[in-house]
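Each remark here refers to the structure printed beneath this line.
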Amino acid sequence: MLRAMNLVGAITGLAWYVSCALVFLLRIAGRSTGGRVVGFAQGAFLAPLVLLLVTGPGLARPALFYIQACLLIAFLLFEGVADLILRVDLRSRRTVLVSYVVFFFAAAGGMLGVISLGGQTWLLAGVAGFLAVAGLAFAQRSVTGT
């Protein structure tokens with residue numbers, strides 16, 4: 137069971153990084169509607185994350201694991217409600233934007249901890265994914281201004 141849940145966490149984290157990269161690439165390409173569609177689809181990541189939380193106690197996960205998984209859950213819920221449903225402008229005011237970006241990178245960085253439980257190969261892929269997403273996030277901001 138431990139190995140299976142470690143694999144679920146690693147795959148979930150990497151798949152989320154890929155979906156984030158896709159959002160940023162679509163925005164860079166001027167296809168913000170496609171980015172919104174992928175953003176809505178990211179809600180599907182809630183299911184495996186909740187599974188990881190539910191199975192965590194039986195696997196004696198440390199407190200940090202719950203913090204890492206809950207950061208992404210919180211970010212996905214916030215993103216879904218504030219950005220995608222209510223369409224709150226999170227990017228035009230610098231103070232709001234900085235907080236939003238910090239929240240995103242806290243969730244993304246936390247997933248590295250979850251991914252690392254899958255083993256060294258998964259962690260290396262996770263670091264590469266994290267760095268790619270970070271680069272694309274800043275490239276998207278540079279290109280689109282949002």
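Heads up: the sequence shown runs through residues 137 to 282, numbered per the numbering used here. Glycine included, each C-beta is placed from N, C-alpha and C at the ideal position. Quick caveat, the model's predicted, so the values are computed rather than measured.
Assigned with DSSP and collapsed to three states, L220 falls in helix. In the structure shown, the three-state DSSP call for P198 is coil. G271 places its beta carbon 9 Å or farther from that of Q204. Secondary structure of G192 (DSSP, three-state): coil. The beta carbon of G170 sits closer than 7 Å to those of L162, all from its chain and outside the five residues before and after it, given in chain order. Exposure of L222 is indicated by the presence of fewer than 16 other C-beta atoms within 10 angstroms of its C-beta.
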